[in-house]
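Right, one structure below, let's go through it.
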Amino acid sequence: MSVKPDALFIPLNIAVLTVSDTRDYANDTSGQLLVSRLLEAGHTLGERNLLKDDLYKIRAQVAAWIADDRIQVVLITGGTGFTGRDSTPEAVACLLDKQIDGFGELFRAISILDIGTSTVQSRALAGLSNGTLVCCLPGSTGACRTAWEGILAEQLDARHRPCNFVPHLKSVQACGTRA
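In the numbering used here, the protein residues as written are 941 to 1119.
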């Protein structure tokens, strides 16, 4: 990671949503990995929720977080596959002001090292909406680890150069951050 020496770390307020028909908080290893990583990095867990794979419930939760002035980033794990119940991309895409095409492309490029050509079935995506970064990740713990280590750790760090997502996010006065 290229770090600007005089830049300060800015802790972000991040919400985590797990989309699953089979998991609960006790066995949600993907959501827990994201929570652990964001806290270890120095960010704040704004909220956490677990929902069944229902397009309208997902959309409603994400829309509420986008409208919430306290939430700067939404990380969603699950619901990005090809089964009939997988609807996270459809639930989220219409909420985005700008889609970040490179996010899904980079995720698939990185994950090919772990899962080979199965990466073509990933519908990982990200975008900005109302100053909130929304990232949709596959439901596996390995995929969440890949996304955090390969993309999110750097892009959620204001010190990362030549660019990162932090300047594009709404500021959160309540958390003492200014983006």
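The C-beta atom is built at its ideal place from N, Cα and C for all residues, glycine as well. For clarity, every value in this text was computed on a predicted model and none was experimentally measured.
Here's the rule I'm using: 16 or more other beta-carbon atoms within 10 Å means buried, otherwise exposed. How should residue i be labelled?
| i | result |
| --- | --- |
| SER976 | exposed |
| CYS1122 | Nothing about residue 1122 can be reported from this structure: the residues present for the chain run from 941 to 1119 only. |
| LEU1053 | exposed |
| ASP1026 | buried |
| PRO1078 | buried |
| THR1072 | buried |
| GLY1042 | exposed |
| GLN1061 | exposed |
| LEU1015 | buried |
| ALA1098 | buried |
| SER1058 | exposed |
Where residue i and residue j are concerned, what is the direct C-alpha to C-alpha distance, given to the nearest angstrom?
| i | j | result |
| --- | --- | --- |
| LYS992 | ALA1007 | 22 Å |
| PRO945 | PHE1022 | 44 Å |
| ARG988 | ILE1050 | 26 Å |
| PHE949 | GLU1045 | 27 Å |
| VAL943 | GLN1095 | 11 Å |
| THR1017 | ALA1093 | 16 Å |
| PRO1107 | ALA955 | 18 Å |
| THR1117 | ALA947 | Legend: pLDDT at THR1117 = 42, less than 50; position of this residue unreliable, no value from coordinates given. |
| VAL1002 | ASP1009 | 13 Å |
| LYS1110 | CYS1076 | 19 Å |
| LEU995 | PRO1102 | 36 Å |
| GLU1089 | GLY1082 | 10 Å |
| ALA1004 | GLY1056 | 36 Å |
| ASP1037 | ALA1087 | 22 Å |
| GLN1113 | ALA966 | Residue confidence for GLN1113 is low, a pLDDT of 46 falling below 50, so the modelled location carries little weight; the figure read from the coordinates is stated next. C-alpha separation (whole angstroms): 33 Å. |
| GLY1024 | ALA1000 | 20 Å |
| THR1020 | ASN953 | 24 Å |
| GLN1039 | ILE998 | 18 Å |
| LEU978 | GLY986 | 11 Å |
Quick one: give me the first and last residue of the alpha helix (DSSP H) that residue i is part of.
| i | result |
| --- | --- |
| ILE1055 | 1041 to 1055 |
| GLN972 | 969 to 981 |
| LEU995 | 995 to 1007 |
| THR1028 | 1028 to 1033 |
| ARG1010 | No alpha helix (DSSP H) contains ARG1010, which DSSP labels as neither H nor E. |
| GLY1082 | 1081 to 1087 |
Using the DSSP secondary-structure output, state which residues sit across from residue i in a beta bridge.
| i | result |
| --- | --- |
| LEU957 | ASN989, ILE1016 |
| SER942 | ARG1101 |
| LYS1110 | LYS1110 pairs with nothing; no bridge assigned. |
| THR1147 | Outside the shown range of the chain, which is 941 to 1119, sits residue 1147, and nothing can be said about it. |
| THR984 | ASN953 |
Quick one: give me the first and last residue of the beta strand (DSSP E) that residue i is part of.
| i | result |
| --- | --- |
| CYS1076 | 1072 to 1077 |
| ALA1066 | 1065 to 1069 |
Comparing the C-beta of residue i with each C-beta of chain B, is any distance below 8 Å?
| i | result |
| --- | --- |
| LEU1015 | Absence of chain B from the displayed structure is noted, only one protein chain being present. |
Quick one: any contact between the stretch 971 to 991 and the stretch 953 to 960, if contact means 3 or more CB pairs under 8 Å? yes
Should the stretch 1066 to 1083 be called in touch with the stretch 1026 to 1044, which here means at least 3 C-beta pairs below 8 Å? yes
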